[in-house]
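Chains as they are written, first to last, in the UniProt record's numbering: chain A, 1 to 328; chain B, 1 to 328.
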Ligand SMILES: Nc1nc2c(ncn2[C@@H]2O[C@H](COP(=O)(O)OP(=O)(O)OP(=O)(O)O)[C@@H](O)[C@H]2O)c(=O)[nH]1
Ligand SMILES: Nc1nc2c(ncn2[C@@H]2O[C@H](COP(=O)(O)OP(=O)(O)OP(=O)(O)O)[C@@H](O)[C@H]2O)c(=O)[nH]1
Ligand SMILES: [Mg+2]
Ligand SMILES: [Mg+2]
């Protein structure tokens, strides 16, 4: 028997009281694409909105195998055990549906956090489009904040467009890298290094320390050649090991120092406001475009028009005018 | 007395015959925002379209003062005099209207090219939005190709969004940099280095050679740490001097080698097709958004809605729904 449908006030009360069950169900609600669920979800969000915005939002990215899950387990445990913080782990993984579910935010990879009441882990929603997944994750983040989580991690793989999306919803963006630049960069998206607020060279343990130290030096030198970050802060490069614990506490100090400095210089609040307004205008653009491309006449003409444009038989401008005429 | 209005076939014939006057007037036509001019411009473009696509399109960017104009004068002269090529220089500069006209593509900064029949220089259109300027420049580029120009330079300042726009309309994207990383990076947009197909350290002359060589080494090392370019080509770092001529011929060899290699591996054609399709979908998105934001009800509500979103009183999603409802 499926659980009884809650009302918006019931959801809100449950979330604010810290009920994990209600939080989980509310996230399922924001992930739903049914119009009735969406409407209810918006009511819930509006009700809890005054209690949101108080967490530190941290994006974590890196190629598959760099050690994201292991790192989140180690850092998360430090935050909960040593710092006494309440943590939520979300994920954005629109593309890969490995074995029926996203591997990002997979609880089996984070056994300590998964068993810890002060930590809440939620795998990536499995909706299709990046836009849809992004919306659901942004809204889940607000729900987690209302539920009293002090820190929210948003995990993603740094190989596509999703890391830009995650960068657009967090206060601090962390890039995990492997030592020994080369093959492991293959999957990484160009431009991502310049988006990061800090870099961690992972797995700096066992026989790997020397290579890791060398990599840190190289990246530090390279980052000096980049234009300065809009935050006004330097991008530190740290060595971390989830095995030995190296760099975990240090990284958190970096995040806290960053948050304090950008709160003081106004960038923290400015970035959040810009993110909100971007989200507004992206939502509008997305809605307009999906209406347009869902139109029957447009759908019928689009393949031929795209082919003509790609073949250089018609200018993109004329093609756009034709499709817009079809629609009007 | 203003010149008599030409018909679309007259424009097309004049352009294909290589008339600079007709080419110039046709570009004025594509720059116009009057609906009647736009319609005529599309007719002209459609008529010359089969004669487009044969040039090498090169984007050139860098901070103010890096030496773009001087570099274009030197490289352009080399292409015309030594290589026997026909060159067009366009520019994208949506923001700055310094003294009634864009300084980019300013003929007084390129006296030799300005006086040379085999070179055609056109300053940036002065329309307002980047989208409008980009459209006009893309269309001007097609007209220049139809007029038989072998090489098209598109100049822009690397400090805003315009360099991404230019990157989206060229085959090869060149970043000019000053030696001695530091202050001169201030204005440069983050992410731009990773977009470049080659870097030139400019002004490598007089007492500046040592610093330039040092900078080249630094950038070469840094670029090794970047993920590889989608073209599959390395990004060379060259020393150039518009004064001594150092690196000018070498840079052109780099461009030619790049074009040959990417034509062979299919990336050249693929990038152009992707650019065409991007232009199509961007045109559609732009048209949909400008219709939406031009709506009277939307215009009336927007400021209050944006303020509420920025203040965190309403979720961006709910705000978007409200505005979209207003419009529907
Ligand atoms: N030596 C060492 N191994 C590590 C460390 N962190 C992770 N690993 C190992 O690296 C492998 C990948 O780690 P994960 O945490 O699953 O990597 P991931 O980035 O989450 O990978 P995906 O979820 O596939 O994207 C595992 O075998 C881990 O045990 C570390 O700090 N030191
Ligand atoms: N020594 C030396 N000076 C140069 C060289 N190239 C340009 N300059 C000087 O640098 C200054 C700026 O050059 P421009 O070509 O106007 O630079 P720009 O990038 O076009 O500048 P904006 O149009 O303002 O964006 C001028 O004084 C040039 O004479 C060079 O190769 N060597
Ligand atoms: Mg993982
Ligand atoms: Mg200039």
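Even glycine gets a Cβ: it sits at the ideal position worked out from N, Cα and C.
Original post:
If we cut at 8 Å on Cβ distances, does residue 315 (chain B) have a partner in chain A?
Top reply: yes
Original post:
Listed in chain order, which residues of the region 34 to 65 of chain A have Cβ atoms closer than 7 Å to some Cβ of chain B?
Top reply: 42, 45, 46, 49 and 53
Subject >> Proximal chain B residues relative to residue 218 (chain A), where beta-carbon distance stays under 9 Å >> reply: 221, 222, 224 and 225
Original post:
Between the C-alpha atoms of residue 279 (chain A) and residue 158 (chain A), what's the straight-line distance to the nearest angstrom?
Top reply: 21 Å
Subject >> Start and end residues, beta strand (DSSP E) containing residue 60 (chain A) >> reply: 56 to 62
Original post:
In this structure, does DSSP put residue 255 (chain A) in helix, strand or coil?
Top reply: helix
**OP:** Return the residues of the region 260 to 285 of chain B that lie within a Cβ-Cβ distance of less than 7 Å from chain A, sorted by chain order.
**Re:** 273, 276, 277, 279, 280, 283, 284 and 285
Original post:
The beta strand (DSSP E) with residue 268 (chain A) in it runs from where to where?
Top reply: Element bounds for residue 268 (chain A): not the beta strand (DSSP E) but the alpha helix (DSSP H), 267 to 294.
Original post:
Hey, which residues come within less than 5 Å of ligand 3, measuring from Cβ to any heavy atom, in chain order?
Top reply: A:68 and A:69
Original post:
Mapping DSSP to helix, strand and coil, what is residue 116 (chain B)?
Top reply: coil
Subject >> Residue environment, residue 98 (chain B), which counts as buried when at least 16 other CB atoms sit within 10 Å >> reply: With a pLDDT of 43 at residue 98 (chain B), under the threshold of 50, the predicted position of this residue should be treated as unreliable, though the coordinate-derived value follows. Under this definition residue 98 (chain B) is an exposed residue.
Original post:
chain A partners of residue 288 (chain B), CB-CB under 7 Å?
Top reply: 288, 289 and 292
Original post:
Quick one: does residue 255 (chain B) have its CB under 8 Å from some CB of chain A?
Top reply: no
Original post:
Can you round the beta-carbon distance between residue 262 (chain A) and residue 233 (chain A) to whole angstroms, since I take them to be within the 8 Å contact cut?
Top reply: 7 Å
**OP:** State buried or exposed for residue 7 (chain B), treating a residue as buried only when at least 16 other CB atoms are found within 10 Å of its CB.
**Re:** exposed
**OP:** Report the neighbours of residue 309 (chain B) on chain A: residues whose CB is nearer than 7 Å to its CB, in chain order.
**Re:** 276, 277 and 280
Subject >> Reference residue 320 (chain A), options B:306, B:288 and B:315, closest by Cα >> reply: B:288
**OP:** Report whether the distance from the Cβ of residue 190 (chain A) to the nearest heavy atom of ligand 4 is below 7 Å.
**Re:** no
**OP:** Verify the CB distance criterion: does residue 85 (chain A) have a CB-CB separation below 8 Å to chain B?
**Re:** no
Original post:
Exposed or buried, residue 54 (chain A), counting other C-beta atoms within 10 Å across all chains shown (16 or more means buried)?
Top reply: exposed
**OP:** Per DSSP, which residues does residue 199 (chain A) bridge with? Please list them.
**Re:** A:175 and A:237
**OP:** Tell me whether residue 149 (chain B) counts as near ligand 1, meaning its Cβ is closer than 7 Å to at least one heavy atom of that ligand.
**Re:** no
Original post:
Would you call the CB atoms of residue 89 (chain B) and residue 113 (chain B) closer than 8 Å?
Top reply: yes
Subject >> For residue 28 (chain A), the three-state DSSP class (helix, strand or coil) >> reply: helix
Original post:
Are the region 143 to 159 of chain B and the region 213 to 231 of chain B touching, with three or more C-beta to C-beta distances below 8 Å?
Top reply: no
Original post:
What do you reckon, are the CB atoms on residue 146 (chain A) and residue 30 (chain A) nearer than 8 Å?
Top reply: no
Subject >> Secondary structure of residue 21 (chain B), DSSP reduced to three states >> reply: helix
Original post:
residue 299 (chain A): which of A:307, A:191, A:323 and A:17 sits nearest, CA to CA?
Top reply: A:323
Original post:
Heavy atom of ligand 1 less than 7 Å from the Cβ of residue 205 (chain A), yes or no?
Top reply: yes
Subject >> Interface residues of the region 191 to 204 of chain B facing chain A [CB-CB below 9 Å] >> reply: 191, 192, 193, 194 and 195
Original post:
Taking Cβ positions only, does residue 319 (chain B) come closer than 8 Å to chain A?
Top reply: yes
Original post:
Is residue 94 (chain A) buried or exposed, if buried means 16 or more other CB atoms sit within 10 Å of its CB?
Top reply: buried
Original post:
Hey, how far is the Cα of residue 109 (chain A) from the Cα of residue 71 (chain A)?
Top reply: 10 Å
Subject >> Nearest residue (CA-CA) to residue 23 (chain B), options B:36, B:139, B:58 and B:256 >> reply: B:139
**OP:** Just the chain B side, please: which residues come within less than 8 Å of residue 139 (chain A) by C-beta, in chain order?
**Re:** 315 and 317
Original post:
What does residue 153 (chain A) pair with, by DSSP beta-bridge criteria?
Top reply: A:58 and A:89
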